[in-house]
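Structure, as structure tokens:
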Amino acid sequence: MSRFRSALIAVGILGGAIVVAVVMIRLRPEPPVREPPSTSPFVTTGVATAEEGAIPVHGAGTVRPRAEIDVAAQVGGTVTWVAPSFQGGGRVRADEVLFRIEDADYVNRVQQAQANVAAQQVALLQEEERARIAREEYERMQRRSGGGASGAASALTLRQPQLEAARAALARDSAALADAELALSRTEVKAPFSGAVRSESVDVGQFVGPGQSVGRLYAADAVEVVVPLSDADAALIPRLWNLVAGDGNRSVRATVAATYGDGRYTWSGYVDRAEAALDEQTRTIDVIVRVPNPFRGGTPADEDGGGATGAGSSGPPLLVGQFVDVRIDGVAPERYFAVPRAALRTGNEVWAVRGGTTITIVSVRVLQRIDDVVYVTGGLEDGQRVVVSGIQIATEGMQVRTQ
Numbered sequence: 252m253s254r255f256r257s258a259l260i261a262v263g264i265l266g267g268a269i270v271v272a273v274v275m276i277r278l279r280p281e282p283p284v285r286e287p288p289s290t291s292p293f294v295t296t297g298v299a300t301a302e303e304g305a306i307p308v309h310g311a312g313t314v315r316p317r318a319e320i321d322v323a324a325q326v327g328g329t330v331t332w333v334a335p336s337f338q339g340g341g342r343v344r345a346d347e348v349l350f351r352i353e354d355a356d357y358v359n360r361v362q363q364a365q366a367n368v369a370a371q372q373v374a375l376l377q378e379e380e381r382a383r384i385a386r387e388e389y390e391r392m393q394r395r396s397g398g399g400a401s402g403a404a405s406a407l408t409l410r411q412p413q414l415e416a417a418r419a420a421l422a423r424d425s426a427a428l429a430d431a432e433l434a435l436s437r438t439e440v441k442a443p444f445s446g447a448v449r450s451e452s453v454d455v456g457q458f459v460g461p462g463q464s465v466g467r468l469y470a471a472d473a474v475e476v477v478v479p480l481s482d483a484d485a486a487l488i489p490r491l492w493n494l495v496a497g498d499g500n501r502s503v504r505a506t507v508a509a510t511y512g513d514g515r516y517t518w519s520g521y522v523d524r525a526e527a528a529l530d531e532q533t534r535t536i537d538v539i540v541r542v543p544n545p546f547r548g549g550t551p552a553d554e555d556g557g558g559a560t561g562a563g564s565s566g567p568p569l570l571v572g573q574f575v576d577v578r579i580d581g582v583a584p585e586r587y588f589a590v591p592r593a594a595l596r597t598g599n600e601v602w603a604v605r606g607g608t609t610i611t612i613v614s615v616r617v618l619q620r621i622d623d624v625v626y627v628t629g630g631l632e633d634g635q636r637v638v639v640s641g642i643q644i645a646t647e648g649m650q651v652r653t654q
């Protein structure tokens with residue numbers, strides 16, 4: 252009896268466990284349905300932005316004078332006076348006297364030459380009178396002889412050689428007077444143009460000889476910046492090879508920027524010309540940018556260095572020898588795009604993303620490369636995403652994942 256009861260209890264426990272298991276299985280929650288992970292690669296993208304206006308051509312160079320000369324006297328002598336402005340860093344005006352040379356000797360020479368001219372003028376008048384008398388005497392003799400004298404009178408009879416010699420002597424002494432007056436005027440050494448004094452080495456009491464350099468002066472009306480550019484960048488400058496040096500044609504604008512202290516300043520300029528030969532070392536084309544009125548003072552630039560925050564000119568001057576950045580207004584296509592530099596692929600291709608997941612390969616023409624930006628033309632759209640990293644190879648219609 253006890254065995255039967257034990258078996259019955261065991262069967263009951265097993266049956267209960269089976270019932271509980273069945274109930275738990277029926278009441279369990281359904282597992283969530285998940286999509287299988289995508290096999291498309293993940294890419295990082297940038298934006299292609301449509302641009303308008305001139306394409307900027309960037310370069311750099313060193314400021315140099317438009318014109319620079321050695322200051323030297325044309326006559327020798329002792330310096331008696333030096334202008335206060337004629338010293339390194341000084342500013343001078345056109346025709347301003349820079350220094351004077353003792354002129355006593357030159358004044359004496361002028362007086363001597365004037366006396367010689369006066370004497371020769373008297374001698375010429377005397378010779379003219381003698382020639383007149385000689386002609387009258389010859390004509391009187393002809394009338395007395397009834398015109399029987401044969402042949403014309405000789406030049407000596409009419410004193411023509413003596414008259415020509417007197418005239419030549421007057422011309423000679425007049426030229427000597429002009430030379431003496433010119434030498435006297437050159438005892439004052441004047442500035443040929445308005446400019447700045449780069450260096451000076453003359454003082455009162457110093458003897459200077461003709462042609463001896465005593466300083467350097469450069470023009471202050473304009474300075475130049477030589478900007479080496481590749482042929483691709485130079486090709487973006489409109490009408491570059493039609494520009495005539497020094498004609499003042501300001502159609503191709505340029506902006507020169509330099510750092511002074513903690514600030515950055517800009518000056519307006521223009522492309523004046525291009526050198527007619529490639530640089531043999533760098534194989535670049537030297538484009539000359541001219542900046543008028545460099546001493547007017549620079550305009551403070553905004554934070555990104557693109558433009559000016561005001562029209563003031565309280566900044567420093569543009570100094571000769573200063574290293575500057577230059578931005579030239581290039582050609583202005585009807586429509587072009589700025590894309591991240593990393594988006595440009597071998598063969599001048601850009602992998603654009605359409606519909607957020609599909610790659611299309613777009614062929615482009617590169618116009619300009621500036622730092623991390625490339626300016627291109629091609630079948631892109633404004634605001635379109637372009638692949639910058641994540642894949643090394645792409646095919647048309649390839650599926651990708653983007654952020």
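In my numbering, each number is its position in the sequence shown, counted from 1, plus 251.
Just so you know, even glycine gets a beta-carbon here, dropped at the ideal spot from N, CA and C.
Quick check: what's the CA-CA separation for residue i versus residue j?
i, j, result
"V627", "G297", "15 Å"
"A470", "V639", "50 Å"
"I264", "V274", "15 Å"
"A324", "T438", "8 Å"
"R315", "L421", "50 Å"
"G558", "T550", "Reliability of the predicted coordinates at G558 is poor, the pLDDT of 46 falling under 50, and the value obtained from them is presented with this limitation in mind. C-alpha separation (whole angstroms): 9 Å."
"R256", "G266", "15 Å"
"I644", "D622", "24 Å"
"A434", "A369", "20 Å"
"V604", "L618", "22 Å"
"W602", "V613", "6 Å"
"S396", "Y389", "11 Å"
Determine the contact status of residue i and residue j, defining contact as a CB-CB distance below 9 Å.
i, j, result
"V542", "V507", "yes"
"E319", "L529", "no"
"D424", "N367", "yes"
"G641", "T295", "yes"
"G328", "A447", "no"
"L491", "V503", "yes"
"V326", "F350", "no"
"R381", "Q413", "yes"
Please check the pair residue i and residue j, which I expect to be a contact at CB under 8 Å, by giving their CB distance rounded to whole angstroms.
i, j, result
"G466", "S452", "6 Å"
"R596", "P292", "Contact doesn't hold; Cβ gap of about 16 Å is too wide."
"A505", "V522", "6 Å"
"Q650", "T609", "6 Å"
Using C-beta distances below 7 Å, list every residue in its chain close to residue i, excluding the 5 sequence neighbours before and after it, in chain order.
i, result
"V481", "Sequence inspection shows Ser at residue 481; the Val mentioned does not correspond to that position. Result list for S481: T535, in chain order."
"G563", "With a pLDDT of 45 at G563, under the threshold of 50, the modelled position of this residue cannot be trusted, and the question is left open."
Could you have a look at residue i and say whether DSSP puts it in helix, strand or coil?
i, result
"D424", "helix"
"P551", "strand"
"V616", "The sequence shown places Arg at residue 616, rather than the Val named in the question. Strand at R616."
"S640", "strand"
"E387", "helix"
"D321", "strand"
"S436", "helix"
"I269", "helix"
Closer than 8 Å by C-beta to residue i: which residues in its own chain qualify, once you throw out the five before and the five after it? Chain order, please.
i, result
"P568", "P545, F546, R547, G548 and G549"
"A311", "V478, F574, V575, D576 and V577"
"G561", "Confidence is the limiting factor: at G561 the pLDDT is only 42, short of 50, which leaves the residue's position unreliable, though a coordinate-based value still follows. T550 and P551."
"R431", "The identity of residue 431 in the sequence shown is Ala, whereas the question assumes Arg. Cβ neighbours of A431 beyond the five flanking positions: Y357, R360, V361, Q363 and A364."
"G629", "F588, V601, V613, S614, V615 and R616"
"R344", "A442 and S445"
To which residues of the same chain is residue i closer than 6 Å at the C-beta, ignoring the five residues directly before and after it?
i, result
"D633", "A301"
"T238", "Here the chain comprises residues numbered 252 to 654, so residue 238 is not present and cannot be evaluated."
Can we count residue i as close to the ligand PLP, meaning its CB is less than 8 Å from some heavy atom?
i, result
"L618", "Although the ligand PLP was asked about, the structure shown includes no ligands whatsoever."
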